[in-house]
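Data first, discussion second: the structure below is written as C-alpha cells.
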Amino acid sequence: MSKIVVVGANHAGTSSVNTILDNYASDNEVVVFDQNSNISFLGCGMALWIGKQISGPNGLFYANKDLLESKGAKVYMNSPVTSIDYDTKTVTALVNGQEHVESYDKLILATGSQPILPPIEGAAIKEGSLEFEATLENLQFVKLFQNAQQVIDKLQDKAQNINKVAVVGAGYIGVELAEAFKRLGKEVVLIDVVDTCLAGYYDRDLSDMMRQNLVDHGIELAFGETVKAIEGDGKVERIVTDKSSREVDMVVLAVGFRPNTALGNGKLETFRNGAFLVNKKQETSIPDVYAIGDCATVYDNAINDINYIALASNALRSGMVAGHNAAGHELESLGVQGSNGISIFGLNMVSTGLTEEKAKRFGYNPAVTEIKDIQKAAFIEHGNYEVVLKIVYDRDTRVVLGAQMASHGDISMGIHMFSLAIQEHVTIDRLALLDLFFLPHFNQPLSYIAKAALAAK
Ligand SMILES: Cc1cc2nc3c(=O)[nH]c(=O)nc-3n(C[C@H](O)[C@H](O)[C@H](O)COP(=O)(O)OP(=O)(O)OC[C@H]3O[C@@H](n4cnc5c(N)ncnc54)[C@H](O)[C@@H]3O)c2cc1C
C-alpha cells in the first residue's frame with residue numbers, strides 16, 4: 003500500500019485523485035488537503051453567472067469532499083498545507099486550527115495559481131486573505147467561487163449602487179467580465195496596457211474583430227493605458243491611468259495569474275516565472291514529488307519546449323498523467339498547444355498554438371495563409387455565417403505552428419484538428435488534401451480549411 007498525498011484539490015488535484023481512485027484504489031491510500039471550503043469551481047462559468055446567462059452557480063461544481071471520500075480518499079477541507087519536508091517526506095497542514103503532520107510515499111502538488119497584483123497605488127490584498135480580498139472596498143479579484151459571489155452580492159446590494167465598473171486586463175477573463183457587466187446594464191470601461199485585447203491568443207486582425215465587437219456593444223475601451231492608482235476613501239471611487247482618470251464604483255483586476263509555488267521552498271527546480279519545472283510524467287526535480295495544473299510547467303508542442311500555460315484543460319490532463327505515474331503506472335503527457343476559446347456577444351473565437359507575432363518572437367520564420375469565407379454551402383440561407391481562419395506555419399519546414407478562427411457561427415470543433423496538427427507537426431501541405439467531409443448544413447464542398455491550406459505559398 004502506497005500513501006499518496008495531494009495538496010490542492012481544484013481541477014488538477016481532483017483529476018489526479020479521481021485517476022488514482024478510479025484505477026488503482028486497492029493499492030493506494032489517498033490523502034487530500036485543500037485550504038478552500040469548496041473544490042472544482044469552474045471559473046470559466048464565473049462571467050456567465052455574474053452576467054446572469056446561467057441561473058446560478060450550482061452547475062459550476064463537479065466534485066466535492068463527499069464524492070472523493072466515497073471513492074476512498076481522506077479529504078481535509080479548510081486545511082492549508084503550511085510546509086513540506088521533502089527529506090522526511092512529511093506534509094504539515096493546519097486542520098481545524100491544529101498542526102497536522104502527514105507522511106507520504108508520493109506527493110502531488112496541485113496548488114494552482116494566484117491573481118497577479120500589479121504595482122498599482124491603492125491595490126492590495128488583505129494580509130493572510132486566502133480569498134484574495136482587497137483592502138479597498140469594491141476592488142475585486144476574480145479567481146475563487148467566493149470572489150464571484152462577492153461581486154454578485156455587491157451588484158445586488160442597492161445601497162452600494164454600483165453602476166460604473168472598470169475591468170483591468172483585456173485577456174480572456176477581463177473581456178468575459180466586461181461582457182457580463184455590460185449585460186447587467188452597467189457602464190463598463192475595459193483597460194489594458196497593450197493597445198488591443200486578447201493579445202496573447204490572436205494577431206491584430208482577429209483581435210480587432212473582438213475590439214470592434216466590444217465597442218459595438220457599448221463597452222468603453224481604454225487600451226494602451228497603464229493603471230497607476232485606484233483611489234477612494236476606504237471604497238473605490240476613481241481609477242487613474244497614465245492618460246486618464248475615471249469615476250468608478252467597482253474595479254475588477256484581471257491581469258493574469260502566477261503559479262502558487264511557495265511550498266517548493268526553494269527546494270524544487272522552477273521555471274522562469276516560478277512554476278514547478280516538470281517532465282512529461284509531471285515529475286519535479288525531487289523524486290516522488292509531482293506537480294500539476296497551474297503551479298507547474300507544460301510541454302508546449304508549438305515551440306518544442308517547456309512553457310507555462312494556465313488552463314483548466316491542461317490541469318485536468320496533467321492530473322491524469324500524475325495520477326497514473328504516482329500509482330506506479332508510467333504515462334507521458336503528449337504536451338499541449340494552448341488551445342483556447344472565447345464567446346462574447348455571439349462572436350466566437352478559438353485559437354491554438356502560436357500567433358504570427360509569437361512565432362516571430364520564438365525565432366520562427368512564420369508564413370500565414372488567411373481566408374474569409376462563408377461556413378456552409380452558399381444556398382444555405384440561414385445560420386450561414388462568415389468565418390475568418392488564419393493558419394500560421396513555418397516558412398522553412400512548412401509545419402503548422404498555429405491557427406485562429408472567428409465567426410458568429412459555431413466553428414469551435416475545427417480548432418481541435420489544428421491542435422492535433424501542431425501536436426503531430428503536420429505540414430500545411432498535408433492539410434490541403436486532408437479528407438474533410440461535405441454536407442451543406444455544415445460546410446462547403448471545398449471547406450474553408452482546405453481553401454486556406456491550398457492558398458499557402
Ligand atoms: C475567471 C476564470 C475563468 C477561467 N476560464 C477558463 C476557461 O474558460 N478555460 C480554461 O481552460 N481555463 C479557464 N480558467 C483557468 C482555470 O480555472 C485554471 O487553469 C484552473 O483553475 C487550474 O486548476 P488547478 O487545480 O491547477 O489550480 P487552482 O484552480 O488554482 O486550484 C488550486 C487549489 O489548491 C489549493 N491550495 C493552494 N495552496 C494550498 C495550500 N498551501 N494548502 C492547501 N491547498 C492549497 C487552492 O485552495 C485550490 O483549491 C479560468 C480561470 C478563471 C479565474
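Residues 3 to 459 (my numbering) are what the sequence shown spells out, left to right. Beta carbons are placed, not taken as given, at the ideal position from N, Cα and C, and that holds for glycine. Since the model is a prediction, treat every value here as computed from it, not as a measurement.
Please report the distance separating the alpha-carbon of residue i from that of residue j.
i	j	result
G114	G276	12 Å
E139	N327	45 Å
T90	S105	8 Å
G234	D29	57 Å
E31	S335	24 Å
D159	N165	11 Å
V338	F259	19 Å
I6	D296	20 Å
G220	M212	13 Å
N60	N367	47 Å
M407	N215	15 Å
D87	L313	29 Å
A11	V19	8 Å
V191	D431	44 Å
L349	L208	11 Å
E271	A172	31 Å
K156	A180	16 Å
K76	D107	15 Å
D343	K245	The identity of residue 343 in the sequence shown is Gly, whereas the question assumes Asp. Computed Cα separation, rounded: 31 Å.
R397	K459	9 Å
I382	I346	25 Å
Between which two residues does the beta strand (DSSP E) holding residue i run?
i	result
E189	189-194
F259	259-261
M252	252-255
I308	307-309
G173	Note, G173: premise wrong, no beta strand (DSSP E); not H, not E.
G343	342-346
S353	349-355
D302	300-302
L141	141-143
I6	4-9
Name the one or two DSSP bridge partners that residue i has.
i	result
Y395	A369, V402
Q100	V97
T92	D87, S105
L223	L192
K166	E189
R240	E233, E249
Q116	R260
V389	D375, S409
T272	F278
I110	V8, Y292
H136	In the sequence on display, residue 136 carries Ala and not His. DSSP output for A136 lists I127 as bridge partner(s).
Can you determine whether any heavy atom of ligand 1 sits closer than 6 Å to the C-beta of residue i, and answer yes or no?
i	result
K54	no
Q148	no
C46	yes
T113	yes
S105	no
G14	A small correction: the amino acid at residue 14 is Ala; Gly does not occupy that position in the sequence shown. For ligand 1, at least one heavy atom lies less than 6 Å from the Cβ of A14.
N38	yes
I6	no
P82	yes
I175	yes
L313	yes
G295	yes
G10	yes
Thinking just about the alpha-carbon of each residue, which of the options is nearest to the one in residue i?
i	options	result
K230	L223, D307, T243, E101	T243
N303	L422, T228, H219, A264	L422
S247	I193, V300, K283	I193
L456	L441, E178, A434, A324	A434
D36	Y301, N66, F225	N66
H418	G411, G404, P442, Y78	G404
V217	G236, A379, K184	K184
A112	L96, E285, V9	V9
I451	V402, D210, H102	V402
V196	K237, I175, E178, A224	A224
A329	A317, V300, V291	V291
V170	P120, F147, Q148	P120
I393	P447, K453, N98	K453
A380	H443, F420, K360	H443
Starting from residue i, follow the alpha helix (DSSP H) in both directions and report where the run begins and ends.
i	result
G202	Neither: G202 is in no alpha helix (DSSP H) and is coded neither H nor E.
N30	Segment 30-35 is the beta strand (DSSP E) holding N30; no alpha helix (DSSP H) there.
S17	13-26
Y450	450-456
K76	Element bounds for K76: not the alpha helix (DSSP H) but the beta strand (DSSP E), 76-78.
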